[in-house]
Amino acid sequence: MALSGHDINPAHPEASVVALKALPDPFLDKHRQEGMGTSVAFNAQNLPTPPAHRVEQGGIGFSSNVLIGTEHVANCVALVVRDPQTHKTALAHFDDTSTPESLARIFGRMPPERPLDILLIGAKYGPDVQGHDYERDSSERNLQNVLGFLAGKNVNIVGARIHDPQQPGSFVIDPKNFKLRESDNLLPNADQPFAFARKFLSHEQTQPMAVEFDFTKSLGRQPYLLNREQVLNLNMRVRGQESEAVAVWHREKGARGGFENFMAEQSRDIYLPAYDRAVEHVLNGLDGRSRYMEQMVRSLPIFIGQNAESANKPLVDYIQNGAFGNSYAPQEDPLPAPALSRAGGRSFDY
1 MALSGHDINP AHPEASVVAL KALPDPFLDK HRQEGMGTSV AFNAQNLPTP PAHRVEQGGI
61 GFSSNVLIGT EHVANCVALV VRDPQTHKTA LAHFDDTSTP ESLARIFGRM PPERPLDILL
121 IGAKYGPDVQ GHDYERDSSE RNLQNVLGFL AGKNVNIVGA RIHDPQQPGS FVIDPKNFKL
181 RESDNLLPNA DQPFAFARKF LSHEQTQPMA VEFDFTKSLG RQPYLLNREQ VLNLNMRVRG
241 QESEAVAVWH REKGARGGFE NFMAEQSRDI YLPAYDRAVE HVLNGLDGRS RYMEQMVRSL
301 PIFIGQNAES ANKPLVDYIQ NGAFGNSYAP QEDPLPAPAL SRAGGRSFDY
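Just so you know, we're using this note's numbering here: the sequence shown kicks off at 1 and counts up by one.
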């Protein structure tokens, strides 16, 4: 990893932060004429911005020719990765629930043979920025997690905006010219509730980042995968129960009756209708239907949301072929990039 051509060591975070702050501001036009910086930058930021496709917190999106963006970047870190030759660009919104190793899902879809350009935005609450202790701790942890993952990667960080109370919380990026603009003009995403607080369906406090779309391969958004534990908790929710693992997690967090428990209830209520629709579609695809078949479907990982029907076809085939047991283990984002059906869905290997 290099900052404008100079290697840095993430083991020395203070030096890394100093180096990042010295980089160009990615929200300013680096090609503006000398002496006209203020007016050009001001005018550029106030031009109308077309709506951009939304990357949710904990999500990753890819594009080479259409605007993509995100919002609510404060103590989170937005990572923009671009191949300067093909203009393929990834936008990742890394938050407190994101696992650093899942950033590998970006690089598995990018050309490995040449350096990639990087922009970093976020980690708003630096040591000298007014805020709560948890905001500063979260900002520092997210930034160091991202830098730690980038260490050793063939990348060049060419711009950054961190530890700045005035930094934009919402922005869009044009992959064609690698320019950022402050904007909250983001297209609606019907699956936005599914991206919110995924951790509340699991006892794990962190979750792998989800690839939400790859417009270089398909125009559709990717469905969300519910793993075995999340499926278990949704089914227990129907019976007014919760798994022991989640109950223990709530107790350890001291959240019984508090905000965490409230969010868990809300999240499960949001997921249930989409989950039931996905289960019903799988059952309708089977030659025969029985209580036993429904119990089996409700015990296995399943995709929900947009394009879920296409993504769940292997589950139908799995049950239809009588391959019962615990061997069904879909990957949320298999690498290399999965093949696409003509309908724009994904095919998976199991």
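We put the CB at the ideal spot given by N, CA and C, even for glycine.
With fewer than 16 other beta carbons inside 10 angstroms of its own, residue 132 counts as exposed.
Rounded to the nearest whole angstrom, the CA to CA distance from residue 124 to residue 13 is 15 Å.
By the Cβ test, the region 86-99 is in contact with the region 60-72, since at least three Cβ pairs between them sit closer than 8 Å.
With a threshold of 16 other beta carbon atoms within 10 Å, residue 278 meets it and is buried.
If you ignore the 5 residues before and after residue 309, its C-beta comes within less than 6 Å of the C-beta of 281, all in its own chain and listed in chain order.
Pairing residue 142 with residue 75 gives a Cβ-Cβ distance under 8 Å. Where residue 82 is concerned, the enclosing beta strand (DSSP E) starts and stops at 77-82. Residue 310 carries a helical assignment under DSSP once its states are collapsed to helix, strand and coil. A check of alpha carbon separations from residue 21 across 164, 285, 170 and 51 identifies 164 as the nearest. Excluding residues up to 5 positions away in sequence, 77, 79, 94, 100, 103 and 120 lie with their Cβ nearer than 8 Å to the Cβ of residue 146 in the same chain. With 16 or more other CB atoms across the displayed protein chains lying within 10 angstroms of its CB, residue 59 is buried. Residue 115 is positioned such that its CB atom lies no closer than 8 Å to that of residue 27. With distances taken between CA atoms, residue 218 lies nearest to 63 out of 312, 63 and 122. Under DSSP, the beta-bridge partners assigned to residue 179 are 174. If you draw a straight line from the Cα of residue 206 to the Cα of residue 98, it is about 5 Å long.
Annotated as distal: residue 284 and residue 223, with beta-carbon spacing of 8 Å or more.
Between residue 170 and residue 184, the beta carbon gap of about 4 Å places them in contact (Cβ cut-off 8 Å). For the options 299, 220, 330 and 321, the alpha carbon positioned closest to that of residue 312 is the one of 330.
In the same chain as residue 318, and ignoring 5 residues on each side of it, the C-beta atoms closer than 6 Å to its own belong to 328, in chain order.
The shortest C-alpha to C-alpha distance from residue 231 to any of 269, 220, 209 and 19 is the one to 269.
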